[in-house]
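Right, one structure below, let's go through it.
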Amino acid sequence: MIHSKITKLFGIKYPIVQGGMVWVSGYKLAASVSNAGGLGLIGSGSMYPDVLRTHIQKCKKATDKPFGVNIPMLYPNIEEIIQIIIEEKVPIVFTSAGNPALYTARLKKHNITVVHVVSSVKFALKAQAAGVDAVVAEGFEAGGHNGREESTTFTLIPMVKEQLNIPLIAAGGIATGRGMLAAMVLGADGVQVGSRFAASKESSAHIDFKRRVVETSEGDTILTLKEIAPVRMIKNEFYGEIEAHNASGKSVEELKELLGKRRLKKGMFEGDLKDGMLEIGQVAGLIHSIETARDIVDAIVAEYLEVKKEL
Ligand SMILES: Cc1cc2nc3c(=O)[nH]c(=O)nc-3n(C[C@H](O)[C@H](O)[C@H](O)COP(=O)(O)O)c2cc1C
948 MIHSKITKLF GIKYPIVQGG MVWVSGYKLA ASVSNAGGLG LIGSGSMYPD
998 VLRTHIQKCK KATDKPFGVN IPMLYPNIEE IIQIIIEEKV PIVFTSAGNP
1048 ALYTARLKKH NITVVHVVSS VKFALKAQAA GVDAVVAEGF EAGGHNGREE
1098 STTFTLIPMV KEQLNIPLIA AGGIATGRGM LAAMVLGADG VQVGSRFAAS
1148 KESSAHIDFK RRVVETSEGD TILTLKEIAP VRMIKNEFYG EIEAHNASGK
1198 SVEELKELLG KRRLKKGMFE GDLKDGMLEI GQVAGLIHSI ETARDIVDAI
1248 VAEYLEVKKE L
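The working numbering puts the first residue of the sequence shown at 948, with every later residue one more than the last.
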């Protein structure tokens, strides 16, 4: 047990949250992380509402520990998703990529703990004002959609900490016990880990994507597509096309066309490493094998305690 405001808020053993991830975090991953003492999140961003309902129901069967659902508000069907979450009595919701004022009050009326993901001090304060129970502050080294501010986790966490009164979860670049300890020293009450769990055995990502993550070294990812919505991904052939597009001075509309609708599924779920979009964080350079979610949680906790003692 590691005591913090976050373990108390969620009723969990370790202050480790597995970030909700499109095409990656179904009920298998979420339940495994929750069973290991962290908090698992089902990523609803890549699920039709009826698929989400099935995942929630299966998650309840696979764990008796708390778990949650992540809702990226930039995807469609939000109304239906909120309704399902309320009906299925999901205890915890993490919202991201949108306005926290939209659904927080409604979810809280149903006794749901609400956390919002932000990338700046300004949005952290906005989330607090909207009544959320905690904030995830995510640095731009993180995998997936990202802030335009490009604040790093190392600078963002202490700046948010200075002004925020509610519990704070750090995300972006944290994959080890050392990283977790550093984040806690900077003022976080817990951490959200994405990339390392994306390459776990229980992740629903394609095996070729997981292997690619393990092969990724420092400097292999980039924050791109800033004209549409900034996203960190592996530099592959598709990224080469984005670069060529930008160099040619073509319009944002044409860039949207190039992106299309299925790039993420293609890359991460179907394993098309060339033409698909491969979202992962800078910390991929520290991920050296495909492990179970439990081994990841245990390794992070063991290293955290060991390094803390050493210090
Ligand atoms: C493949 C992938 C998909 C992601 N999808 C989502 C998502 O659907 N919603 C969300 O709020 N964050 C998403 N994220 C961000 C993670 O939840 C988490 O905050 C981030 O990965 C933490 O940084 P790290 O990658 O350095 O561990 C995604 C990240 C990755 C790597």
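Don't be surprised by glycine CBs; every beta carbon is placed ideally from N, CA and C.
Note that the coordinates shown come from a computational prediction; the quantities given were computed from them, not determined experimentally.
Item	Value
Output needed for Glu-1201: all residues of its chain with C-beta closer than 8 Å, excluding positions within five of it in sequence on either side, in chain order.	His-1192
What does Val-1178 pair with, by DSSP beta-bridge criteria?	His-1092 and Thr-1171
Nearest to Leu-1233 by CA position, among Glu-1149, Asp-1167, Leu-1049 and Leu-1133, is which residue?	Asp-1167
Step through the CB atoms of chain B and report whether any lies within less than 8 Å of the CB of Asp-1011.	The chain inventory of the structure shown lacks chain B, comprising one protein chain alone.
List the residues that DSSP assigns as beta-bridge partners of Val-1132.	For Val-1132, which the question treats as bridged, DSSP gives no partner whatsoever.
Quick check on Asn-1017: does DSSP put it in helix, strand or coil?	strand
Taking 7 Å as the limit between beta carbons, can you name the residues of its chain near Gly-1125, skipping five residues before and five after?	First, the residue type needs correcting, since residue 1125 is Arg and not Gly in the sequence shown. Within the same chain, Arg-1125 has close Cβ partners Glu-1250 and Val-1254.
At a cut-off of 7 Å, would you count Gln-1139 as near ligand 1, judging by its Cβ distance to the nearest heavy atom?	yes
Which of helix, strand or coil does DSSP assign to Ser-991?	helix
So, with DSSP's three-state summary, where would you put Thr-1102?	helix
To the nearest angstrom, how far is it from the Cα of Leu-1128 to the Cα of Lys-1197?	45 Å
Please name the residue, chosen from Gly-1120, Asp-1080 and Gly-1119, that lies closest to Leu-1111 on a Cα-to-Cα basis.	Asp-1080
Hey, Gly-987 and Ser-979 are a contact pair by Cβ (cut 8 Å); roughly how many whole angstroms apart?	7 Å
For Ser-1043, does the three-state DSSP call read helix, strand or coil?	strand
For the beta strand (DSSP E) holding Ile-1116, just list the boundary residues, first then last.	1115–1118
List the endpoints of the continuous alpha helix (DSSP H) containing Val-1199.	1199–1206
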